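In order, the protein sequences belong to chains L and W.
Heads up, the first sequence is in the working numbering, so the first residue is 13 and it goes up one at a time.
Heads up, the second sequence is in the working numbering, so the first residue is 13 and it goes up one at a time.
Where is the CB? At the ideal position from N, CA and C, for every residue including glycine.
These numbers come from a predicted model, not from an experiment.
Just below is one structure, and these are the notes that go with it.
There are 2 protein chains.
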Amino acid sequence: MTDRGSLRSTLHQRGMRMTPQRQLVLDAVRELEHATPEQVCKRVQGTAATVNITTVYRALDLLEELGLVRHTHLGHGAPTYSVEEHEHVHLVCHRCDDIDEVPTELLGDLADRLDAARGFALDATHLALSGVCRKCREANPHVEERR
Amino acid sequence: MTDRGSLRSTLHQRGMRMTPQRQLVLDAVRELEHATPEQVCKRVQGTAATVNITTVYRALDLLEELGLVRHTHLGHGAPTYSVEEHEHVHLVCHRCDDIDEVPTELLGDLADRLDAARGFALDATHLALSGVCRKCREANPHVEERR
DNA sequence: GTACTTGCAAATCTTTTGCAGACTC
DNA sequence: GAGTCTGCAAAAGATTTGCAAGTAC
């Protein structure tokens, strides 16, 4: 149900439409990756200057409900949105705020272990792992400051 | 430098003091575990009603700078504070918002693998892992909704 | 015409900042 | 008396809500 046609009909069943604003928001999320609502709004306004941030929030909610985008908490406040297919684990450096991505396979059997230990179904892509990135470690090897 | 005496002298070196408000905030964090600034404030006000939320924020910042407390992003907005020694990985259920904790050892060699793959120094306690807890899975086994 | 969408303004919530008075040494 | 600490009020930033006007079918 990810292709354009079925998206339209999914919306239609609910009496909703794929409006230009919603399409622009979806496009912006696709293009930007890891964008905050604010950033998405800026991007959309590059094409259609009058689109309101309120509309962006509402569109993001709707698109998330439809399973087209998802949001990830990268720490320090702002959630970021990306398209649903964009599946990997995020690594956030809390020194420079850089975001790196690694395939979920790198987690190995962590999900299984959490399931076994606590019955917890891990959703690895929803949250980021925090730490210090290579660049920052090389720049300043001793501090392991946290934010 | 975690005991009361050296804390006092650390503060003193900076021309600062361990005021009743700061002590109350520290106590509240100790008692509550995973408390938001809001919750800490409520707790403190139970003892000293006039303490302002501003003071709580400032005390939390200071205590964090001193390495006595740390904050963790558990997703959906609010950071929560806990005492520094409180070291484990948090599992947040995004259905019921329940927080579970597992020893960091359960991550196995994840930290090593991230280091090897990306030179990333994982700080496992800073962020939570997100997913669905046992209770919610049993209550409603099919949905794997995200928040 | 009805129902959905949008933009705008205002409300809300969280966190930060400026400042004057109180307190400590 | 100098410098720190606090409470209050206001500012700032992010997100949500109410509502009237616009639009699609």
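Min CB distance residue i to chain W below 8 Å
i: residue 41 (chain L); result: no
i: residue 168 (chain L); result: For chain L, the structure presents residues 13 to 159; residue 168 (chain L) sits outside this window and is missing.
i: residue 108 (chain L); result: no
i: residue 58 (chain L); result: no
i: residue 53 (chain L); result: no
i: residue 75 (chain L); result: no
i: residue 151 (chain L); result: no
i: residue 112 (chain L); result: yes
i: residue 145 (chain L); result: yes
Residue i vs residue j beta-carbon contact at 8 Å
i: residue 44 (chain W); j: residue 103 (chain W); result: no
i: residue 125 (chain W); j: residue 74 (chain W); result: no
i: residue 134 (chain W); j: residue 122 (chain W); result: yes
i: residue 99 (chain L); j: residue 81 (chain L); result: no
i: residue 63 (chain W); j: residue 49 (chain W); result: no
i: residue 112 (chain W); j: residue 132 (chain L); result: yes
i: residue 46 (chain L); j: residue 92 (chain L); result: yes
i: residue 85 (chain W); j: residue 120 (chain L); result: no
Reduced DSSP category for residue i - H, G, I as helix; E, B as strand; rest coil
i: residue 91 (chain L); result: strand
i: residue 58 (chain L); result: helix
i: residue 71 (chain W); result: helix
i: residue 80 (chain L); result: coil
i: residue 100 (chain W); result: coil
i: residue 46 (chain L); result: coil
i: residue 124 (chain W); result: helix
i: residue 85 (chain W); result: strand
i: residue 40 (chain L); result: helix
i: residue 114 (chain W); result: strand
i: residue 63 (chain W); result: coil
Listed by chain order, chain L residues near residue i by CB distance under 7 Å
i: residue 38 (chain W); result: Residues of chain L passing the Cβ test: none, with the nearest at roughly 18 Å.
Interface partners of residue i on chain L, CB under 9 Å
i: residue 46 (chain W); result: By Cβ distance, chain L contributes nothing, its closest Cβ being about 15 Å from residue 46 (chain W), past 9 Å.
i: residue 122 (chain W); result: 118, 119, 120, 122 and 141
Interface partners of residue i on chain W, CB under 8 Å
i: residue 100 (chain L); result: Neighbours of residue 100 (chain L) on chain W: none; closest Cβ ~12 Å, over 8 Å.
Chain L within 8 Å of residue i, Cβ atoms only
i: residue 135 (chain W); result: yes
i: residue 71 (chain W); result: no
Flag this pair as touching only if the stretch 35 to 42 of chain W and the stretch 131 to 145 of chain L have three or more C-beta atom pairs under 8 Å; answer yes or no.
A contact is defined here as three or more CB-CB pairs under 8 Å, and the stretch 35 to 42 of chain W fails this definition with respect to the stretch 131 to 145 of chain L.
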